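Chains as they are written, first to last, in the UniProt record's numbering: chain A, 1 to 557; chain B, 1 to 557. Using N, Cα and C, we set each Cβ at its ideal position, and we do this for glycine too. All of these numbers come straight from a predicted model, not from anything done at the bench.
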């Protein structure tokens, strides 16, 4: 797509009608700016798929116009697709120090370090690309060092909020630049592109300080060891756990690879402060009195291989949960993870632990990093945009965000609820949404990207539900007589030892089918296979009410 | 198990450390009483499994001692296993009129009607079985006609609460027998067996009347059609929808097979009252003004084939959701269903509907049928039992219920948190939990019960994640030369047309493996297959990071 002269465009390659795989594009004439490159975890219907990333066809076709990948913050749904992006596109990445630290961990994993130009920016940076310049502002979120972005184009200013909440008493000094936002708004915002995750929730997001207070209280009350499970990337919360541990004179151990990695990055880069000698190794935990140790661990989402799941069943090598220990879940389950988290809580109770769990509003141990309705209205009010595009959310969230925008004065008709791939063009101050570019889900399975599609998934689904049956037989080329077989091999269908009669009957059916076809003088393999599939399929469904995949294999000698 | 003389026993075959497949047994000497026979829906790890029912080995081995299956109410997790129970055991079923109506629907589906003795009881019934007599009391719940049970044995009285809440202003006159409960308690309760579903939730369950008030309000406000989705079995709530529709002069249509079936049973048996001419057929909906119609539909749990899901995507034949219509979700998602429900809500918003959704405490459109902590304490206080067994819940719920029992005076040490199969024996007023009987999950897949086990499920899991690869080759018996093949057939692994090189290389590898073995003069098939699996498996993992199931098939001619 060559943009028309003076045309400013915005579109999403991911992040609309979904929570995940965020990837947005601002384009002015022939300068393309990519914002974030996230991954999304597949739901249970996408059998065997490891990760979903945005379809990047448009970017590949316009590779020469891409000026920058700007990353707002270091969450997976904003950086998870970067290794796959870099395998196809050589584009410099701009992000803050902490965000770059997390991106570097990811590139190391994929052995992509070295080839990529990584540029450290901060909220005071100003970047120039031809006619467009880019500036930034700080926002509060559940990870340090987050940015909102302003694109200053000849057509006008476009603001992308990143993920944000307003928190006037944040942990870890992660304040929002409210004064700067006000100034940006005063200078005129042509279009505001703002996240919508909590657009359904009334009120203002509670402050991270609330968690700190509750954490202190729980630490004061606890008698045994204290385990706190939270997202490793939520270094602001980790800082609060550190503070509570200092106040109660406890050492701190870290469990789980990502906890160790992210905390290291945070300490190295100055985003986490803790006194010398406070950190101990997991295998040293038992050398301290129980009430002198706190443990930070991964697994708050119920991930079966993470530290918390293994602790809950007594399968963590170095550390054990003993009766009387306290376990704090300082995170809310992401929709879809509720059952896995419940299972862990049950297991922890069975170990005799005191478990603090439930929604943040009940326990005070979690607050969201995404702004509620009043936060979103505050952003809209500060920016007072002409046009508004709600992003980062399911349809109902975008819908509610639109209503919020109208409630604070954005004109009806100036809000655009878009789908991934829909393009908003602004020219001479008039916005139109009339065209679209390719967008969709690209599946990562193993190391292959994009080669698993509908057919493979349909087969996996059938295999997963009723298994399969291979029927092999050898025919003589001349007379069409059966030389060997039929032999039946089955997996995932029935337990073979208990089903000998059933499988014997299948073989008889196959013989009969071949015989009948010979009588009729039918000699095409395809007909033969089709008839075997049909007769065996019907018989098995009638006997078992299952529909295994049937693969007849005919060998001619 | 022959019970010792004078021994009273209690155990669960399902319902402990889980929510689902409730089945409990009270046994006095050689008289066995079975309470409920429920099913449970499998989670996503049990690929292809349709239903889980209790392991009934103990009952089959003691079939002559079983005096009755007593069913407390008609929910799936209390009646879903009955058809499978009846296929093995010929036992009379005792239940109330409405519960029996739902059981009969189920037996009709399985063509089991006629063989079974069904006995209608009510809360005033008294049954005599040898030395034990059985009486009942009414409880309020989210379905009509629910019972608690008292077993009067020579050893003492055992009370089983069924599922219950206390609701002083219930819909549909579904009052609890509080006076009778008080009397039972005054006469002495040796053991109370009480449900624990909401033992984690503080306070008293809100009354169904709250839903009625909010329903009225929504009906008064609505301008277009109104859709209400709820469990078909919640006839008390259906009655309230009927009342709201009468007040606003709307006709009522029913969508979804179970809604039609259950409402018919309820009307026939007198549990639902609605004026003549109020019910209309779905295909007549469009003949009425939009503000003169209300529609009750199934699918509140996001079931993809149910009415609400199809309405949300515009795929319901007779009825369409138009912009301006109101859709009320009068049910909470059961854990695990959250994502499916969200998807439907999004689709409804996209149809332009006004959707009332979210937790009951936010919308007022749903209250739980299970008692909260104060309800549970009230039951414990009324019954004042010597021994207490919390049932019907995950471990953490049983744990909290135990704490509640202690808080109202049950002696520490007199509460038993059991697992399915653990047996509590009471003799001479002393309770001991020392032995257990077989208990576990039995899987129903298609029409077969219990034949799918760990091996089949493991295969399904592997097939679902990475698919499979069949390698066929024909060898000459004499020289071990390859006569035909190797041929490779793959499903669910890679897209074949894009992977010709990969599959060609597999064939080369197989040839090489056979050649190498011939050189070494290895002639066992098993070794040959093992080596093919190994070399092909390693190659594919290195190329794709996937591990498909590899099935080498060698034919000797």
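Listed by position along chain A, the residues whose Cβ is nearer than 8 angstroms to that of residue 551 of chain B are 470, 489 and 491. As DSSP reads the structure, residue 552 of chain A sits in a beta bridge with A:471.
Rounded to the nearest whole angstrom, the C-alpha separation of residue 132 of chain A and residue 159 of chain A is 13 angstroms. Within the segment 397-412 of chain B, the residues whose Cβ lies closer than 8 angstroms to any Cβ of chain A are, in chain order, 399. Look at the segment 279-328 of chain B and you find these whole runs of alpha helix (DSSP H), each 4 residues long or longer: 307-312.
Under the 8 angstroms criterion on CB atoms, residue 460 of chain B is classed as interfacial with respect to chain A. Taking residue 239 of chain A as reference, the option from A:220, A:275 and A:221 with the minimal CA-CA separation is A:275. Within the same chain, 382 come within 7 angstroms of residue 182 of chain A by CB-CB distance, once the 5 residues on both sides are set aside. The residue from A:541, A:527 and A:546 with its alpha-carbon nearest to that of residue 552 of chain A is A:527. Annotated three-state conformation of residue 355 of chain A is strand, per DSSP. The straight-line gap separating the alpha-carbon atoms of residue 14 of chain B and residue 197 of chain B is approximately 14 angstroms.
Residue 189 of chain A places its beta carbon less than 8 angstroms from that of residue 157 of chain A. DSSP places residue 254 of chain A in the strand class (E or B) of the three-state scheme.
When DSSP states are grouped into helix, strand and coil, residue 348 of chain A belongs to the helix group. The CB of residue 350 of chain A comes closer than 8 angstroms to the CB of 395 in chain B, given here in chain order. C-alpha of residue 22 of chain A to C-alpha of residue 416 of chain A: approximately 17 angstroms in a straight line. By the neighbour-count criterion, in which a residue is buried when 16 or more other Cβ atoms sit within 10 angstroms of its Cβ, residue 390 of chain B is buried. For residue 7 of chain B, the three-state secondary structure derived from DSSP is coil. In this structure, the CA atom of residue 75 of chain A is about 23 angstroms from the CA atom of residue 48 of chain A.
Of the other Cβ atoms in all chains shown, 16 or more fall within 10 Å of the Cβ of residue 8 of chain B; this residue is therefore buried. Under a criterion of Cβ atoms nearer than 7 angstroms, the residues of chain A adjacent to residue 335 of chain B are, in order, 338, 339 and 342. Considering only beta carbons, the part of the segment 39-57 of chain A lying closer than 7 angstroms to chain B consists of 43, 44, 47 and 48, in chain order. Secondary structure note for residue 153 of chain A: it is in no alpha helix (DSSP H), and the uninterrupted beta strand (DSSP E) holding it is 146-153. Close CB contacts of residue 35 of chain B within its chain, under the 6 angstroms cut and outside five residues either way in sequence, are with 24, 70 and 160 (chain order). Note on residue 455 of chain A: under 16 other CB atoms within 10 angstroms of its CB, so exposed under the neighbour-count rule.
Between residue 385 of chain B and the set B:369, B:361 and B:411, the nearest pair of CA atoms involves B:411.
From the beta-carbon of residue 474 of chain B, the residues of chain A found nearer than 7 angstroms are 474, 555 and 557. Residue 545 of chain A belongs to the set of residues whose beta carbon lies under 8 angstroms from a beta carbon in chain B.
Chain A has a Cβ within less than 8 angstroms of the Cβ of residue 498 of chain B.
Out of A:523, A:503 and A:462, the CA that lies nearest to the CA of residue 477 of chain A is found in A:523.
In summary, residue 424 of chain A is buried, with 16 or more beta-carbon neighbours lying within 10 Å of its beta-carbon over all protein chains present. Contact annotation, residue 227 of chain B with residue 311 of chain B: C-beta distance approximately 7 angstroms; criterion of less than 8 angstroms satisfied.
From the listed residues B:259, B:332 and B:318, the smallest Cα separation to residue 359 of chain B is found for B:332.
In the DSSP assignment, residue 518 of chain B falls within the unbroken alpha helix (DSSP H) covering 500-519.
Taking a C-beta distance under 8 angstroms as the contact criterion, residue 62 of chain B and residue 427 of chain B do not qualify as a contact pair. Contact of residue 375 of chain B with chain A is not assigned, every C-beta pair being separated by 8 angstroms or more.
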